[in-house]
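In the working numbering, the protein residues as written are 44 to 147.
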């Protein structure tokens, strides 16, 4: 039985943590770019003409939500694996149940 191959992607959480976000300057200066990981591990984000003082409970909620998203991704991957297996079993059964004609 064949199996569809999907390369293991980096986890959703890791991908989001490595993503750069553009943060607008609250004072009207140039925006700055930071990876989400650095944002969530900072108490402030400084820009050219201002800064953001980050609320720790907001950061905690974001981290919790990222973990929830990762669990959902894992659940989906397991479901897809099960569905792929069933697909190939049905495909094999379809071929086994087919009427075969051999041409000479």
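The beta carbon of each residue, even a glycine, is placed where N, CA and C say it ideally should be.
Based on Cα-Cα distance, which residue from the options lies nearest to residue i?
i	options	result
residue 70	117, 136, 127 and 94	94
residue 73	135, 85 and 92	92
residue 100	113, 112 and 85	85
CB residue i to CB residue j, shorter than 9 Å?
i	j	result
residue 96	residue 90	no
residue 78	residue 60	yes
residue 83	residue 57	no
residue 76	residue 65	yes
Where DSSP assigns a beta bridge to residue i, which residues make up the other side?
i	result
residue 95	88
residue 65	76
Assign residue i to one of two classes, buried (16 or more other C-beta atoms within 10 Å of its C-beta) or exposed (fewer than that).
i	result
residue 44	Bear in mind that a pLDDT of 44 at residue 44, under 50, signals an unreliable position, so the model cannot answer this.
residue 132	exposed
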